[in-house]
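Asks: All letters in the sequence shown, in the order written, are residues 51 to 551 by the working numbering. Heads up, the beta-carbon is just placed ideally off N, CA and C, and yes, glycines get one too. Predicted, not measured: the structure shown is a model, and the values here were computed from it. The structure that follows is given in the form of structure tokens.
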Amino acid sequence: MKLKITLLLFILIANQNIGQAQNQETFASSITAEELKEKLYTYASDEFEGRETGTKGQKIAIEYLKSIYTNLGITAAKADGDYFQNVPLVLVETPKVSMTIDGNSFEYYQDFISITDAKTSVIKASDIVVVGYGIKDERYNDYKDMDVTNKIVVAIGGEPKNEDGTYLISGTDEISKWSNGRQAMRSKQNTAKELGAKAFFLVNDAMFNRYAKYYKARDERGGESNLALDVNEEPMYGFLVSEAMGAVLLKTNTLEIDFEQVSKPITSENVAAMIKGSEKPDEYIILSAHLDHVGMHDGEVFNGADDDGSGTVAILEIAEAFKAAQENGEGPKRSVIFLHVTGEEKGLLGSQYYTDYDPIVPLAQTVSNLNIDMIGRTDPKRTEGKRNYIYLIGSDKLSTDLHNLSEEMNTKYTNIELDYTYNDENDPNRFYYRSDHYNFAKNNIPIIFYFNGTHADYHKATDTPDKIEYDLLENRTRLVFHTAWELANREDAVRVDKAVE
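Given below as structure tokens:
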């Protein structure tokens, strides 16, 4: 008799699990190419003026997102009931800087440019420290046995190589983040700041020439704005300089900088909605996409249909599917937050503000972040493999559980080719560091970044809704939904077994 009861219970549980899986597929099927297309043709229309952070177009975008969640009956994630999280920003214009080294004057654009926002100040210093490449890494450290607190740090571009020509840090022919363009500049500058430096100079002639030309042209024509978080941190003065100026700087005795900040505060907003968990409401899954794009240039609207209209409407459709499940009595066991962040195009500012200054829910109780940034197109450089693919980045960086779960959901439901090309630690594109998931990952929150790769319309006025491949967008969005569903409903949260310091 006991055996029969046990068998009956097993059958009931199995049938229940089958029913749940069938219902999960039913909710996923509500995510359709037609609805994604309808939303995207609105969100990436000229009316939204390219959604540049802090502009009228961005305000139109956040009101649109709020209206969708309100109509769905999905509440705000913030306790005060406001869907908007204010992100304090400062609009940074070219500062007025005069600089002398041992009494010799140097010129902005010709010899140096500023690469940080800092407060108006006069700096006089003779305490200048040359730190080689300016790298602090577990495999190589230019700062060993150095104290650079309140000093001026000077670093050169590039990174060290082995005798066989491979790079010391990567151990291969591939550069690391310390040589990779803007990422290298930020990494070296941030390292100097973290170690207490007052000012930082990077000597890199090729990079200086490229950025000086770009910034000068941008300032002369107007257009895309330069923004920074306005969070009252200690100022950090950072400069990119030419090789000629660098040669003088490397052997200088005295340096004087007269820095006048030219900026004004602006407001921008993240948008956050939430479906509260039925059993574990204090554990959170966050789905994110950036709501901004690059605005208008010379009267043309840069619509940003793929970047990141595609991710934005994907989250809206996923939210609708979760809401349908909730109304059917099958809402997620963990809370699911739908987070649309601002300022991604300006340096991941909205997500940085969320994680570093004002998390709506505790980071320690955030189980995972699934970030979607460009999933509506195909990569023209990808000549082999299925059309129905997606690049996955970061799924295995922090959690083996998350990676395995992702693979399992894809095999079971969507059968997309998961391409890990850009997940390589030595990927020269450094995509792992270039979208909003990174601000969660640096806090040891397991992430997956979904990405279709770049294309000829990237950051151009031609990134329009008619270029989107809606059947692919549908299937990729369903993959994210199934992964989020499993994360929200599995018994145990995914484990972090590869935490970073």
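Would you identify the three-state DSSP class for H38, choosing helix, strand or coil?
Replies: The question about residue 38 has no answer, for the chain in this structure spans 51 to 551.
Asks: A355 and K517 look like a contact to me (Cβ under 8 Å); what is the Cβ gap, rounded to whole Å?
Replies: About 7 Å; that satisfies the 8 Å criterion.
Asks: Kindly confirm or deny that the stretch 485-499 and the stretch 225-243 touch, where touching means at least three C-beta pairs closer than 8 Å.
Replies: Cβ pair count under 8 Å is below three, so no.
Asks: Just to confirm the assignment, what range does the alpha helix (DSSP H) spanning T450 have?
Replies: Where T450 is concerned, the enclosing alpha helix (DSSP H) stretches over 450-459.
Asks: When you compare the stretch 179-186 with the stretch 199-218, are there three or more beta-carbon pairs, one atom per stretch, that lie closer than 8 Å?
Replies: yes
Asks: Indicate the three-state DSSP secondary structure (helix, strand or coil) for F15 in the structure shown.
Replies: The structure shown does not extend to residue 15, since the chain is modelled only from 51 to 551, so the question has no answer here.
Asks: What is the residue span of the alpha helix (DSSP H) that Q376 lies within?
Replies: 361-377
Asks: Please report the distance separating the alpha-carbon of S401 from that of E270.
Replies: 30 Å
Asks: Output the distance between the C-alpha atoms of L455 and R545, rounded to the nearest integer angstrom.
Replies: 11 Å
Asks: Assign E377 to one of two classes, buried (16 or more other C-beta atoms within 10 Å of its C-beta) or exposed (fewer than that).
Replies: exposed
Asks: Give every residue of the same chain whose Cβ lies closer than 6 Å to the Cβ of K87, excluding the five residues on either side of it in the sequence, and list them in chain order.
Replies: Y520
Asks: DSSP on N191, reduced to helix/strand/coil?
Replies: strand
Asks: Any idea if Q135 is buried or exposed, counting beta-carbon neighbours within 10 angstroms, 16 or more meaning buried?
Replies: buried
Asks: Would you mind sorting K89 into buried or exposed? The rule is 16 or more other CB atoms within 10 Å of its CB.
Replies: buried
Asks: Relative to the alpha-carbon of D542, which residue among F531, T504, N494, K383 has its alpha-carbon at the smallest distance?
Replies: K383
Asks: List the residues that DSSP assigns as beta-bridge partners of S155.
Replies: T150
Asks: Would you list, in sequence order, the uninterrupted alpha helix (DSSP H) runs of no fewer than 4 residues that lie entirely inside the stretch 391-457?
Replies: The stretch 391-457 contains these whole alpha helix (DSSP H) runs: 399-406.
Asks: I'd like to check one pair, E75 with Y463: are the Cβ atoms closer than 8 Å?
Replies: In contact: Y463 and E75 (Cβ atoms closer than 8 Å).
Asks: With DSSP as the reference, please indicate the residues paired to V546 in a beta bridge.
Replies: Answer is none; V546 lacks a bridge partner.
Asks: For the stretch 505-546, which segments carrying the alpha helix (DSSP H) assignment without a break, of at least 4 residues, lie completely within its bounds, in sequence order?
Replies: Restricting attention to alpha helix (DSSP H) runs no shorter than 4 residues, the stretch 505-546 encloses them at 520-539, ordered along the chain.
Asks: Under three-state DSSP, which class holds V140?
Replies: strand
Asks: By DSSP, does Q311 sit in helix, in strand, or in coil?
Replies: coil
Asks: May I ask which residues mark the beginning and end of the alpha helix (DSSP H) holding D269?
Replies: 255-271
Asks: Could you give the residue range of the alpha helix (DSSP H) that holds F289?
Replies: Counting along the chain, F289 falls outside any alpha helix (DSSP H), though it belongs to the beta strand (DSSP E) covering 287-291.
Asks: Which one or two residues does DSSP pair with F162 in a beta bridge?
Replies: Y158, V291
Asks: Just the C-alpha distance for M424 and N73, rounded to the nearest angstrom, thanks.
Replies: 28 Å
Asks: In terms of residues, what are the limits of the alpha helix (DSSP H) holding F481?
Replies: No alpha helix (DSSP H) holds F481; DSSP gives it neither H nor E.
Asks: Give me the residue from G288, E84, I81, E102 with the minimum Cα distance to D569.
Replies: Limits of the chain in this structure are 51 at one end and 551 at the other, which puts residue 569 out of reach.
Asks: By DSSP's criteria, R384 is part of a beta bridge. Which residues make up the other side?
Replies: R384 pairs with K330.
Asks: Measuring CA to CA, which of Y91, T241, I335 is closest to R540?
Replies: I335
Asks: Let me know the secondary structure DSSP gives N65 once reduced to three states.
Replies: Note that N65 scores 48 on pLDDT, short of 50, meaning its location in the model is unreliable; the coordinates nonetheless yield the value given after this. Three-state DSSP puts N65 in a helix.
Asks: Helix, strand or coil for L90 per DSSP?
Replies: Correct three-state label for L90: helix.
Asks: Does the distance from the CB of S313 to the CB of E475 come in under 8 Å?
Replies: no
Asks: For V172, is the classification buried or exposed, using 16 other Cβ atoms within 10 angstroms of its Cβ as the cut-off for buried?
Replies: Answer is exposed; the Cβ neighbour count stays below 16.
Asks: Output needed for I307: all residues of its chain with C-beta closer than 6 Å, excluding positions within five of it in sequence on either side, in chain order.
Replies: M149, I173
Asks: Go to L115, then tell me how far its alpha helix (DSSP H) extends in each direction, as first and last residue.
Replies: 106-122
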